[in-house]
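First the structure, in the form of structure tokens, and then the observations on it.
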């Protein structure tokens, strides 16, 4: 009975951590389609899932086309962090930048930046996906992200997924010079995984489309009613 109560309390604590982390989907690493992405180093991913790289305060960058499983892996790492009691926050890159830019309008920028800089593991998903807001009276996205990465570098762990080549970050973030500084602190010294494979989402969509197709029924002429002679 006591063991059951302890398990229920632990599950509630994990659920609270997940809810407060921004992690909407609970992705299990065991559900990753390894056979569909045979070029992924499974042994490396499983090793990283132990989160020793977080304890060593190392960073991680996963690159690859959309739909190749980058987000699945990072969300699985985020769930593992919640299960292990490691402080973690998750956000898509554009959402994180929007949150920090909102702080410029209401005077809460310093507080928001401090909050994003605090977790032992920060997951920044989908760099290159979505539209970064650009206003003349605000710092560039590169400036905002640089401030965050610079605060975290060497102190805590940041895990990033990117749908575009690192060489294209400057165009996406709006400042090539500051982007180079971000990459110098983050990507150039991080653990790296590149997923060179097909999109699983496109594969699923095609399979669903095939199932939805109904074969044309062959029309066989019915015999005419016999007429009396």
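Numbering (my numbering), first residue to last: -5 to 223.
Every residue gets a Cβ at the ideal spot worked out from N, C-alpha and C, and that includes glycine.
Comparing C-alpha distances from residue 134 to each of 117, 111, 150, 172 shows the shortest one belongs to 172.
In the three-state reduction of the DSSP assignment, residue 188 falls in the strand class, which pools E and B. By a beta-carbon distance limit of 8 Å, residue 153 contacts residue 117. Their separation comes to about 5 Å. Minimum Cα-Cα distance from residue 159 among the listed residues 121, 92, 33 corresponds to 121.
Only buried fits residue 82, as 16 or more other CB atoms lie within 10 angstroms of its CB. Where residue 72 is concerned, the enclosing alpha helix (DSSP H) starts and stops at 64 to 77. Under the three-state reduction of DSSP output, residue 130 falls in the coil class, being neither helix nor strand. Each residue's CA atom was taken as its position, placing residue 151 and residue 141 some 15 Å apart. The beta carbon of residue 128 lies closer than 7 Å to those of 168 in the same chain, with the five residues before and after it left out. Beta-bridge pairing by DSSP links residue 119 to 86.
In this structure, the CA atom of residue 104 is about 13 Å from the CA atom of residue 139.
A straight-line Cα-Cα distance of about 15 Å links residue 98 and residue 89.
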